[in-house]
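Written out below as structure tokens is the structure these notes cover.
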Amino acid sequence: MELFNSESKKIISDPINVNNPISLQVLGICSALAVTIRLDQAIIMTLAVIFVLCSSNVILSLIRDYIPARVRIVIMLSVIASLVSVVDELLKAYLYDMSKQLSVFVGLIITNCIIMGRAEAFALKNGPSKAFLDGLGNGFGYGLIIIIVSFFRELFGAGTITLPDGGAGYVLWSIPESWYAAGYENIGLLVLSPGAFIILGLVIWAQREMAGIEEEA
Amino acid sequence: MHSNNYTLGFVFIVTLVLGVMLSFTKDSVKDLQDQNLKADVQKTILRSLNFEENLLLSNESIEQTFKNYIDAKCVNVEGDIVECNIEEVDIEKNEETLPIYIRKNDEKIEGIALPIAGKGLWSTIFGYIALNPDTDSVLGIQFYKHGETPGLGGEVEKKWFTDNFVNHPLEEPNGEVTYVPKKIRDENGKIISITVIKGGVDYSKSNKSAIHQVDGISGATVTADGVSDFLLEDLLRYEKTLDKIRDYGTI
Numbered sequence: 003m004e005l006f007n008s009e010s011k012k013i014i015s016d017p018i019n020v021n022n023p024i025s026l027q028v029l030g031i032c033s034a035l036a037v038t039i040r041l042d043q044a045i046i047m048t049l050a051v052i053f054v055l056c057s058s059n060v061i062l063s064l065i066r067d068y069i070p071a072r073v074r075i076v077i078m079l080s081v082i083a084s085l086v087s088v089v090d091e092l093l094k095a096y097l098y099d100m101s102k103q104l105s106v107f108v109g110l111i112i113t114n115c116i117i118m119g120r121a122e123a124f125a126l127k128n129g130p131s132k133a134f135l136d137g138l139g140n141g142f143g144y145g146l147i148i149i150i151v152s153f154f155r156e157l158f159g160a161g162t163i164t165l166p167d168g169g170a171g172y173v174l175w176s177i178p179e180s181w182y183a184a185g186y187e188n189i190g191l192l193v194l195s196p197g198a199f200i201i202l203g204l205v206i207w208a209q210r211e212m213a214g215i216e217e218e219a
Numbered sequence: 016m017h018s019n020n021y022t023l024g025f026v027f028i029v030t031l032v033l034g035v036m037l038s039f040t041k042d043s044v045k046d047l048q049d050q051n052l053k054a055d056v057q058k059t060i061l062r063s064l065n066f067e068e069n070l071l072l073s074n075e076s077i078e079q080t081f082k083n084y085i086d087a088k089c090v091n092v093e094g095d096i097v098e099c100n101i102e103e104v105d106i107e108k109n110e111e112t113l114p115i116y117i118r119k120n121d122e123k124i125e126g127i128a129l130p131i132a133g134k135g136l137w138s139t140i141f142g143y144i145a146l147n148p149d150t151d152s153v154l155g156i157q158f159y160k161h162g163e164t165p166g167l168g169g170e171v172e173k174k175w176f177t178d179n180f181v182n183h184p185l186e187e188p189n190g191e192v193t194y195v196p197k198k199i200r201d202e203n204g205k206i207i208s209i210t211v212i213k214g215g216v217d218y219s220k221s222n223k224s225a226i227h228q229v230d231g232i233s234g235a236t237v238t239a240d241g242v243s244d245f246l247l248e249d250l251l252r253y254e255k256t257l258d259k260i261r262d263y264g265t266i
């Protein structure tokens, strides 16, 4: 079956590992820095991005032979923008607190380079099932990184681990009061943007090291 | 190369399909969104009036709490009660009918919440300020809608900023520090509101106005100045109503 041959596996696993959109292509950094303050925000953002990425890839792949080349960027943008608006409206209806926290960053999925990038580089050249897998792979690749970053930022910055629960978030674990009494302190820097840069930098370093990638000097 | 007509036709069809998809989505979730919005406003009012967080967990419990404890009505600038449809009053523009939300427990007033709204840097900021029955000290302040920059002006809705309004450090003669709410009236009972101070409040003894000041937000001076301006302007509209409540314990 086509879904499980080695090429399909490669399409889905490459972006998670050796060709990760964030840590290796360094795309989608804006939202990776902005929505990684809390784990629950990162998880919902990941789901939103996976939905948009998969659907836009499939839709664009289905109509790829009919899109006039001169207006393809406009077409890609309107498909992506419409999908993002749908996600935004659904969040406002079913996950209101989360949509308030994510605020403009849901809308900014439109400008996430990963989505336009995958549409132009992959979906317009491949069939819908491959395009779907590519969207899934890249979505997971994106999610993996922002979930790792947000885990560390929330744990060391705010002292909690929060999962999404439809409301203001379910606190899975928080650093016990006794630790604070013993002199432990949260690292406030991690909550701010510079903290995101530092953690993201470390993650990029770790992943490139593991994938065995060396930049040419 | 496709012909111009083909290109135009294609763009037209794509736009049409996407447009229908969007309006269909919006239409099917509009009611839910409106409910969330309404609950969010009520939650803001209840929060400013210092209700327990566990009463505010779901839309249903918010509505129930609101119904049980809040007396919502409208007044005019003269402090008289007037008829109005309180949910449809435009807080930003309205001058004649002013909404007022009173937290009551067995007819006893426990707090008064007033809508506040005004321009920040990019957007109109909406919120509620609640006062204690003395109509002087702040019970709470909450903002629920704004389009300010997240991390800068957007910080107005954060707890650290709103807590400023209810945590004024007061040094006792024995050196202990207690926290009291900020005040909106000066010694003569005149409403002077609370000013957001760029940088931070000077808590030295020489600064007599510290009780009417709160810390600003770094990088968001325009937003903070906006908050100071509309807070004073909105509180003054309620001056006669607040005087009445202070003097007679009712409107």
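Chains as they are written, first to last, in my numbering: chain U, 3 to 219; chain R, 16 to 266.
Backbone N, C-alpha and C define an ideal beta-carbon position, used for all residues, glycine too.
query	result
Taking Cβ-Cβ distances shorter than 7 Å, what residues in chain R pair up with Ser105(U)?	Pro165
Taking Cβ positions, are Leu174(U) and Leu165(U) nearer each other than 8 Å?	yes
So the alpha helix (DSSP H) Phe180(R) belongs to, where does it begin and stop?	Per DSSP, Phe180(R) belongs to no alpha helix (DSSP H) and is neither H nor E.
Would Leu62(U) pass as an interface residue toward chain R - the criterion being a Cβ-Cβ separation below 8 Å?	no
Determine the burial state of Lys198(R): buried for a count of at least 16 other Cβ atoms within 10 Å of its Cβ, exposed for fewer.	buried
Mind reading off the beta-carbon distance from Ile106(R) to Phe141(R)? Whole number of angstroms is fine, and I expect it under 8 Å.	7 Å
Note down, in chain order, each residue of its chain lying with its Cβ closer than 8 Å to the Cβ of Leu71(R), except the 5 sequence neighbours on either side.	Lys58, Leu61, Arg62, Ile77 and Thr80
If contact is defined by three or more beta carbon pairs under 8 Å, each pair taking one atom from either stretch, is the region 101-108 of chain U in contact with the region 6-20 of chain U?	no
Alpha carbon to alpha carbon, how far is Lys127(U) from Ser73(R)?	47 Å
Pro130(R) lies in the alpha helix (DSSP H); which residues open and close that run?	Where Pro130(R) is concerned, there is no enclosing alpha helix (DSSP H), although the beta strand (DSSP E) it sits in stretches over Lys123 to Lys134.
Taking the continuous beta strand (DSSP E) assigned at Gln50(R), which residues delimit it?	No beta strand (DSSP E) contains Gln50(R), which is instead part of the alpha helix (DSSP H) from Asn19 to Ser63.
Does Lys119(R) come out as helix, strand or coil in the three-state DSSP assignment?	strand
Please list, in chain order, all residues of the same chain as Ile148(U) whose beta carbon is under 8 Å from its beta carbon, the five residues on each side excluded.	Ile24, Ser33, Ala34, Val37, Thr38, Ala44, Met47 and Thr48
Starting from Tyr68(U), find everything on chain R with Cβ-Cβ shorter than 7 Å and list it in chain order.	Phe25
Find the nearest neighbour of Asp90(U) within the set Val108(U), Ile77(U), Ile69(U) and Asp67(U), judged by alpha-carbon distance.	Val108(U)
Taking Cβ positions only, does Lys41(R) come closer than 8 Å to chain U?	yes
Quick check on this structure: which residue in Val28(U), Leu41(U), Glu122(U) and Ile111(U) has the alpha carbon closest to the alpha carbon of Ala71(U)?	Glu122(U)
Return the bridge partner residues of Gly155(R) from the DSSP annotation.	Ala145(R)
Mind checking which residues open and close the alpha helix (DSSP H) that includes Cys89(R)?	Where Cys89(R) is concerned, there is no enclosing alpha helix (DSSP H), although the beta strand (DSSP E) it sits in stretches over Ile85 to Val90.
Taking Glu9(U) as the reference, which of Asp136(U), Leu204(U), Gly203(U) and Phe154(U) has the closest Cα?	Asp136(U)
Which two residues bound the contiguous alpha helix (DSSP H) that contains Thr238(R)?	Thr236 to Arg252
What does Ala34(U) reach in chain R if we use C-beta pairs closer than 7 Å?	Chain R residues near Ala34(U): none, gap ~15 Å exceeds 7 Å.
Taking C-alpha atoms, which residue in Cys99(R), Lys108(R), Phe158(R) and Glu103(R) lies nearest to Asp55(R)?	Phe158(R)
Output yes if chain R places a C-beta closer than 8 Å to the C-beta of Ser8(U); else output no.	no
Does any CB atom of chain R fall closer than 8 Å to the CB of Val54(U)?	no
Anyone know if the C-beta pair for Arg155(U) and Val205(U) falls short of 8 Å?	no
Any beta-carbon of chain R closer than 8 Å to the one on Val108(U)?	no
Of all Cβ atoms in chain R, is any one closer than 8 Å to the Cβ of Arg245(U)?	Residue coverage of chain U in this structure runs from 3 to 219, which leaves residue 245(U) outside it and unanswerable.
State the start and end residues of the unbroken beta strand (DSSP E) segment that holds Gln228(R).	Gln228 to Asp230
Determine whether the Cβ of Val173(U) lies closer than 8 Å to any Cβ atom of chain C.	No chain C is present in this structure, whose protein chains are U and R.
At 7 Å on the CB atoms, spell out the chain U contacts of Tyr263(R), in chain order.	Chain U residues near Tyr263(R): none, gap ~39 Å exceeds 7 Å.
Which stretch, first to last residue, makes up the alpha helix (DSSP H) that contains Val81(U)?	Arg74 to Tyr96
Pull out every residue of the region 192-226 of chain R whose Cβ sits closer than 7 Å to any Cβ of chain U, in chain order.	none
Where does Trp207(U) sit, in a helix, a strand or coil, going by DSSP?	helix
Could you have a look at Arg200(R) and say whether DSSP puts it in helix, strand or coil?	strand
Any idea what DSSP makes of Leu165(U), helix, strand or coil?	strand
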